[in-house]
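**Q** Letter 137 of the sequence shown, counting from 1, is numbered 138 in this note's numbering, and no numbers are missing. All C-beta atoms in this analysis are idealised placements derived from N, C-alpha and C, irrespective of residue type, glycine included.
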Amino acid sequence: VHTVLKSKRGGDKIMYEYDKTKTLSNSTRRQLVNMLVANMIEVHGGTGYLAWRLKTVQRNTFIGEKGRPVLPETSSGPLSEREPFSTTEQLTGDECREEISVMKHSSDENVVKGKMKATFQYRQSMVRNPEKSRDVLGLFPRFLDTPGLTGTSIPLFLEKFGAAQPFLLCVGENRKSIQRYFVIVDMKAIPCKAQTSVGAFDELFKAHFALGTSYSESLSSFYIFIQTAIYNTDAGTSEERPRVREMRARFLCGKN
2 VHTVLKSKRG
12 GDKIMYEYDK
22 TKTLSNSTRR
32 QLVNMLVANM
42 IEVHGGTGYL
52 AWRLKTVQRN
62 TFIGEKGRPV
72 LPETSSGPLS
82 EREPFSTTEQ
92 LTGDECREEI
102 SVMKHSSDEN
112 VVKGKMKATF
122 QYRQSMVRNP
132 EKSRDVLGLF
142 PRFLDTPGLT
152 GTSIPLFLEK
162 FGAAQPFLLC
172 VGENRKSIQR
182 YFVIVDMKAI
192 PCKAQTSVGA
202 FDELFKAHFA
212 LGTSYSESLS
222 SFYIFIQTAI
232 YNTDAGTSEE
242 RPRVREMRAR
252 FLCGKN
């Protein structure tokens, strides 16, 4: 492993992180796996069952880097399995597929929202399946043109970013004059119903749960604080850093 890392670009950073912390972050661990897999393919060739398995591992790790990880069993955050919040009866089988088909061609916002509630569990099963999660916006295109469901095309802007965790796009003449907000997910723009930055961020945060998308690693602590302190979600089961736990305690103490 040491020899491979010394010969690969970026390998020195992995070794530095391990020497300094005696562990590796999730993103660094994925980079390590990709480097080792690529090296094994180079050394042992690109055909046969072994090569197929190695490429499968590499592909699944790559998917994880794009914000659609192979979902672990977790009891907190946007990747955890949840029961529907509404009392709407959940549809299955042919009945569910028929309702999805109707929703695809409906422009009635009330009809769309009602059927979205009735297909919540089906959608949850999709976002928790690495092979199906990227098809959610294709099967439920009303996300893209019905504000508040967390489309408008902004291709020249989106080409600069590629696939990533959801982020907020603000459109206006300047920072003090924002006319519209969009949640950007996988090169697609989901229009926000909110007309304020706070309301738009609320939709951005909820988009992680609606689409089963992990938090950006660089913003994970921030999102976990918002999740546990503001939304009071999975406060007892989330993996919080000590600093985040301390900030949440101070925030809640101040509210009381």
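Could you work out which residue in 188, 178 and 179 is closest to residue 166 when comparing CA atoms only?
**A** The shortest Cα separation from residue 166 among 188, 178 and 179 belongs to 188.
**Q** Is the distance from the Cβ of residue 142 to the Cβ of residue 194 below 8 Å?
**A** Going by C-beta atoms, residue 142 is not nearer than 8 Å to residue 194.
**Q** Compare the C-alpha of residue 177 against each of 192, 196, 184 and 185 and name the closest.
**A** The candidate whose alpha carbon is nearest that of residue 177 is 196.
**Q** Looking at the structure shown, is residue 178 part of a helix, part of a strand, or coil, going by DSSP?
**A** It is a strand residue.
**Q** Closest to residue 253 by C-alpha separation, out of 232, 240 and 238, would be which residue?
**A** Among 232, 240 and 238, the Cα nearest to that of residue 253 is on 232.
**Q** Return the chain-ordered list of same chain residues with a C-beta closer than 7 Å to the C-beta of residue 169, the five sequence neighbours on each side being excluded.
**A** Within the same chain, residue 169 has close Cβ partners 182, 184, 201, 202 and 205.
**Q** Between which two residues does the alpha helix (DSSP H) harbouring residue 118 extend?
**A** Note, residue 118: alpha helix (DSSP H), 110-119.
**Q** Following the continuous alpha helix (DSSP H) through residue 190, name the residue where it begins and the one where it ends.
**A** Here residue 190 belongs to no alpha helix (DSSP H); instead the beta strand (DSSP E) covers 189-192.
**Q** Distance, Cα to Cα, residue 139 vs residue 2?
**A** So the alpha carbons of these two residues sit roughly 41 Å apart.
**Q** Return the first residue and the last residue of the alpha helix (DSSP H) that residue 98 is part of.
**A** Per DSSP, residue 98 belongs to the alpha helix (DSSP H) from 94-105.
**Q** Quick test of your reading: residue 249 and residue 226, contact by CB under 8 Å. State the CB separation rounded to the nearest angstrom.
**A** About 6 Å; that satisfies the 8 Å criterion.
**Q** Roughly how many angstroms lie between the CA atoms of residue 243 and residue 113, to the nearest whole one?
**A** The alpha-carbon atoms of residue 243 and residue 113 are separated by roughly 42 Å.
**Q** I'd like the list of long-range same chain contacts for residue 100, defined as Cβ closer than 8 Å, with 5 residues on each side in sequence excluded.
**A** If we look at residue 100 and ignore the five residues flanking it on each side, its Cβ neighbours are 92, 116, 119 and 120.
**Q** State the beta-bridge partners of residue 185 as determined by DSSP.
**A** The partner list for residue 185 (beta bridge, DSSP) reads 168 and 190.
**Q** The alpha helix (DSSP H) spanning residue 18 covers which residue range?
**A** Here the alpha helix (DSSP H) through residue 18 covers 12-22.
**Q** Within 10 angstroms of its Cβ, does residue 239 collect 16 or more other Cβ (buried), or is it exposed?
**A** By the neighbour-count rule (16 or more Cβ atoms within 10 Å), residue 239 is buried.
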